[in-house]
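Residue numbers are given in full-length UniProt numbering: position 116 of the sequence shown equals residue 116, and the series is strictly consecutive.
All residues carry an ideal CB built from backbone N, CA and C; glycine is no exception.
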Amino acid sequence: MALLPTRAVSAVLPGGRKARGAAVGYGFILMAAASVVMALLVHFFLQDARGQELERRILRGVGTSSLIDQVLQGGLELVSVGAIVLALVVLAVFAVMRRRADLGLGAAILVAGANITTQVLKYGVLERADFGFSRHNSLPSGHVTVITSLLIAAVLVLPAAWRPMLAPAAAFLATGAGVGTIVLSWHRPSDVIAAYAVVLWWVGAIVASLALAWRQQGPVPRGLWRPFGYVVGGFLAVVVAAILMLVSGVSPRQGTYDLALGLAALLLVALCCAAVISLAAYATDLLGDDRGTG
Numbered sequence: 001m002a003l004l005p006t007r008a009v010s011a012v013l014p015g016g017r018k019a020r021g022a023a024v025g026y027g028f029i030l031m032a033a034a035s036v037v038m039a040l041l042v043h044f045f046l047q048d049a050r051g052q053e054l055e056r057r058i059l060r061g062v063g064t065s066s067l068i069d070q071v072l073q074g075g076l077e078l079v080s081v082g083a084i085v086l087a088l089v090v091l092a093v094f095a096v097m098r099r100r101a102d103l104g105l106g107a108a109i110l111v112a113g114a115n116i117t118t119q120v121l122k123y124g125v126l127e128r129a130d131f132g133f134s135r136h137n138s139l140p141s142g143h144v145t146v147i148t149s150l151l152i153a154a155v156l157v158l159p160a161a162w163r164p165m166l167a168p169a170a171a172f173l174a175t176g177a178g179v180g181t182i183v184l185s186w187h188r189p190s191d192v193i194a195a196y197a198v199v200l201w202w203v204g205a206i207v208a209s210l211a212l213a214w215r216q217q218g219p220v221p222r223g224l225w226r227p228f229g230y231v232v233g234g235f236l237a238v239v240v241a242a243i244l245m246l247v248s249g250v251s252p253r254q255g256t257y258d259l260a261l262g263l264a265a266l267l268l269v270a271l272c273c274a275a276v277i278s279l280a281a282y283a284t285d286l287l288g289d290d291r292g293t294g
């Protein structure tokens with residue numbers, strides 16, 4: 001089927017023990033990195049008065065027009081259980097068509113695991129210290145976890161030849177979700193970055209597990225052009241998101257003068273998102289292209 005290529009366009013390195021070892025090692029590195037990021041976020045933004053004050057200023061520092069707020073809210077409110085199930089069904093169909101049941105299963109576990117982890121952390125594990133600010137803990141962001149995990153699940157399941165185009169699109173959409181929740185004051189920047197970290201941890205877990213469980217790994221794309229392309233594509237997605245943000249009329253809120261601080265925080269969130277999507281796309285490359293069975 002022309003729309004579902006069974007070989008990557010690039011040169012490939014045959015899968016084997018070395019390729020599997022690289023995928024497993026990369027998966028564990030992602031898990032470790034995500035854990036460190038989460039620990040730092042919790043320490044500085046939940047348990048430190050300076051972090052809480054910084055985010056209070058950020059939230060007060062930026063806002064948009066009421067029209068843009070309505071657009072952002074409308075987009076974020078599309079997230080529902082039904083939408084998640086529908087997206088997973090569509091991805092399952094693609095996985096079956098590609099004869100990659102491993103990736104279909106991995107995508108489902110990724111979405112379920114990331115979102116369950118976020119809810120458990122937010123409501124059952126993490127607490128926000130009382131320094132005279134709000135004690136309500138909203139870390140990690142549930143909306144951002146749902147959207148980012150589904151987008152990365154699509155990167156995982158859809159054909160490898162599409163991945164260089166999918167990764168920037170996923171980065172743009174996930175950035176929009178993260179920035180949108182901040183501009184709407186639904187979440188603090190640390191909540192959004194924590195959601196990205198949760199998803200990244202599960203990407204690492206899925207990649208390592210699949211590499212260990214499936215011995216017949218397909219050919220792995222070779223060379224630096226693909227990871228370089230993911231980084232460049234993610235950066236361009238951030239640039240486009242930043243331009244749209246400025247055009248939409250981002251401005252100081254409530255008479256404050258913290259616009260520069262707020263914009264810097266939004267840019268950091270966007271860069272974190274682009275990094276997570278790029279790392280996830282490269283991790284998926286390490287699992288190999290279609291095996292072409294049958």
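The residue among Met-165, Thr-118 and Ala-39 with its C-alpha nearest the C-alpha of Phe-228 is Met-165. Of the residues Ala-281, Val-62 and Ile-68, the one whose Cα lies closest to the Cα of Leu-200 is Ala-281. Here Gly-74 carries a helix assignment [DSSP, helix/strand/coil]. Per DSSP, the continuous alpha helix (DSSP H) segment holding Ala-174 begins and ends at 163-183. Just so you know, the alpha carbons of Leu-158 and Ser-66 end up roughly 36 Å apart. In this structure, Pro-140 is the residue among Pro-140, Leu-151 and Val-207 with its C-alpha nearest to the C-alpha of Ile-182.
Spanning the alpha carbons of Asp-48 and Arg-56 requires a straight line of approximately 13 Å. His-187 carries a coil assignment under DSSP once its states are collapsed to helix, strand and coil. The DSSP-derived three-state label of Trp-201 is helix. Straight-line spacing of the CA atoms in Ala-33 and Gly-204 works out to 10 Å. In this structure, the beta-carbon distance from Ala-237 to Ala-129 does not fall below 9 Å.
Between Leu-184 and Gln-73, the beta carbon gap of about 6 Å places them in contact (Cβ cut-off 8 Å). If the five residues before and after Ser-278 are omitted, its C-beta is found closer than 6 Å to the C-beta atoms of Tyr-230, Val-231 and Gly-234, all from its own chain and listed in chain order.
The C-beta separation of Asp-191 from Arg-60 comes to about 16 Å, leaving the pair out of contact by the 8 Å criterion. Closest in C-alpha terms to Val-144, from the list His-136, Thr-118, Val-155 and Trp-214, comes Thr-118. Taking the C-beta atoms as reference points, Ser-149 is found no nearer than 9 Å to Leu-121. Relative to the Cα of Ile-206, the nearest Cα in the group Ala-107, Ala-275, Arg-99 and Val-276 belongs to Ala-107. Taking a 10 Å sphere around the C-beta of Val-37, we find 16 or more other C-beta atoms and assign the residue as buried. Closest in alpha carbon position to Val-269, among Gly-288, Ala-283 and Val-239, is Val-239.
The beta carbons of Val-81 and Leu-212 sit no closer together than 9 Å. Within the model, the alpha-carbon separation for Ala-95 versus Ser-134 is close to 44 Å. Per the C-alpha coordinates, the member of Cys-272, Leu-261, Gly-180 and Asp-285 positioned closest to Leu-244 is Gly-180. DSSP, read as helix, strand or coil, puts Ala-129 in coil.
Per DSSP, Gly-142 is one residue of the alpha helix (DSSP H) stretching across 142-157. Thr-175 is positioned such that its CB atom lies no closer than 9 Å to that of Ala-92. Shortest Cα-Cα distance from Leu-224 to any of Phe-172, Tyr-123, Leu-286 and Met-31 involves Leu-286. Nearest in C-alpha terms to Leu-261, of all of Ala-114, Pro-189, Leu-210 and Ala-241, is Pro-189. Non-local beta-carbon contacts of Val-42 in its own chain, meaning distances under 7 Å to residues more than five positions away in sequence, involve Leu-126 in chain order. For Gln-47, there is no enclosing alpha helix (DSSP H), as DSSP marks it with neither H nor E.
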